[in-house]
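Below: one structure, written as C-alpha cells.
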Amino acid sequence: GQQLNQSPQSMFIQEGEDVSMNCTSSSIFNTWLWYKQDPGEGPVLLIALYKAGELTSNGRLTAQFGTTRKDSFLNISASIPSDVGIYFCAGQPYDFGNEKLTFGTGTRLTIIP
Amino acid sequence: NAGVMQNPRHLVRRRGQEARLRCSPMKGHSHVYWYRQLPEEGLKFMVYLQKENIIDESGMPKERFSAEFPKEGPSILRIQQVVRGDSAAYFCASSPPEGGNTIYFGEGSWLTVV
Chain D
-2 GQQLNQSPQS
8 MFIQEGEDVS
18 MNCTSSSIFN
28 TWLWYKQDPG
38 EGPVLLIALY
48 KAGELTSNGR
58 LTAQFGTTRK
68 DSFLNISASI
78 PSDVGIYFCA
88 GQPYDFGNEK
98 LTFGTGTRLT
108 IIP
Chain U
798 NAGVMQNPRH
808 LVRRRGQEAR
818 LRCSPMKGHS
828 HVYWYRQLPE
838 EGLKFMVYLQ
848 KENIIDESGM
858 PKERFSAEFP
868 KEGPSILRIQ
878 QVVRGDSAAY
888 FCASSPPEGG
898 NTIYFGEGSW
908 LTVV
C-alpha cells in the first residue's frame, strides 16, 4: 500500500522560531492536506493543496505541493504556544471518485518555555 | 471539523461485547469515511461509504467489523466481540456529494476495551 514518510517525528523549539516539516510518498498523490490534532480531538484541516507546485498560505502557515507530486512541505513562522500539537500530512491518491486519505505518522511540535 | 458529529465520545466495553459508534456527517455531505487511530500513530483508513453503499472497505478488518450508512440516520461502525486490540480512537469524516478533495473530521470516539 501507499506509504507516507513524515519528518521530523518531533520538534522542540522556542516560541518565535520558525518550523519546517515535510512528507514524502512512494507514489503520486492528487491532493495534499495538512491537519493539526490536539490531544483528545479530531484532526483539523489547516491547508489543502490541489496542484503540483502550488504554494498556499493560511496566516503564519505555508504549505507547498511538490512538483513531483510525491512530497509536500509545511512551514510555520514565528511559532506561538497554541501551535503545540501533532501535525499530520495526508494525501489523496490519483484515483478519481475515491477520496480516501493516506496519513503520515505525524510531527509532534513542542514549544520550550 | 465543525459539523461532523460523533457519539459516543468515549465508550468502555468488556472483551466480547459489541461496540457501536455513530456518525452524522456535515449538513449536505453524503460521503462518509471511518478512520482508526492507535496511540502515537497516524490515522488509518477503514471504510468509505455513500448513502446505502459501501464504496471502499479495503481498510476494514475482515472479521467482527462492519459499517453502514443507511438512507436515513447516521453512519454506524459496529465492532462485534471486541478485543483489547480494538482500543483506539475512531474518527468519522465527511465530504460533499460532488466529491472534491476536502474532508472534514469529527472529534472522534475513544473506545477502551477492558
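Sequence order for the protein chains is D and U. Counting in my numbering, the first sequence runs from -2 upward without gaps. Counting in my numbering, the second sequence runs from 798 upward without gaps. Using N, Cα and C, we set each Cβ at its ideal position, and we do this for glycine too.
Closest option to residue 88 of chain D, judged by alpha-carbon separation, among D/38, D/82 and D/29: D/29. In the three-state reduction of the DSSP assignment, residue 812 of chain U falls in the coil class.
For the segment 22 to 40 of chain D, residues whose beta-carbon sits nearer than 9 Å to a beta-carbon of chain U comprise 27, 28, 30, 32, 34, 37, 38, 39 and 40. Per DSSP, the beta bridge partners of residue 90 of chain D are D/26. Annotation: the segment 850 to 907 of chain U contains the following complete segments of the beta strand (DSSP E) (minimum length 3 residues), in chain order: 850 to 853, 862 to 865, 872 to 876 and 885 to 892.
Interface criterion met: the Cβ of residue 842 of chain U is under 7 Å from a Cβ in chain D. Within chain U, the residues 830, 842, 845 and 853 have their CB atoms less than 7 Å from the CB of residue 97 of chain D, given in chain order. Close partners of residue 101 of chain D in chain U (Cβ separation under 9 Å): 839. In the displayed model, residue 68 of chain D falls within a strand according to three-state DSSP.
The C-beta of residue 809 of chain U has fewer than 16 other C-beta atoms within 10 Å across all chains shown, which makes the residue exposed.
Around the beta carbon of residue 883 of chain U, a 10 Å sphere encloses 16 or more other beta carbons of the protein chains shown; the residue is thus reported as buried.
Counting C-beta pairs closer than 8 Å gives fewer than three between the segment 815 to 830 of chain U and the segment 30 to 40 of chain D, which falls short of the contact rule. With respect to the C-alpha of residue 876 of chain U, the residue from U/859, U/852, U/830 and U/867 having the closest C-alpha is U/859. Within chain U, the residues placing a beta-carbon under 8 Å from that of residue 85 of chain D are 839 and 840, ordered along the chain. Going by beta carbons, residue 48 of chain D and residue 84 of chain D fall outside the 7 Å limit. Annotation for residue 830 of chain U: 845 and 890 place their beta carbon closer than 6 Å to its own, counting only its chain and skipping 5 residues before and after.
Contact between residue 99 of chain D and residue 67 of chain D is ruled out by a C-beta separation of about 12 Å, above the 8 Å threshold. Cβ neighbours of residue 35 of chain D within its own chain (closer than 6 Å, five residues either side excluded): 82.
Rounded to the nearest whole angstrom, the C-alpha separation of residue 74 of chain D and residue 25 of chain D is 28 Å. If you draw a straight line from the Cα of residue 58 of chain D to the Cα of residue 69 of chain D, it is about 13 Å long. Its Cα nearest to that of residue 71 of chain D, the residue D/51 stands out among D/51, D/65 and D/79.
Secondary structure of residue 79 of chain D (DSSP, three-state): helix.
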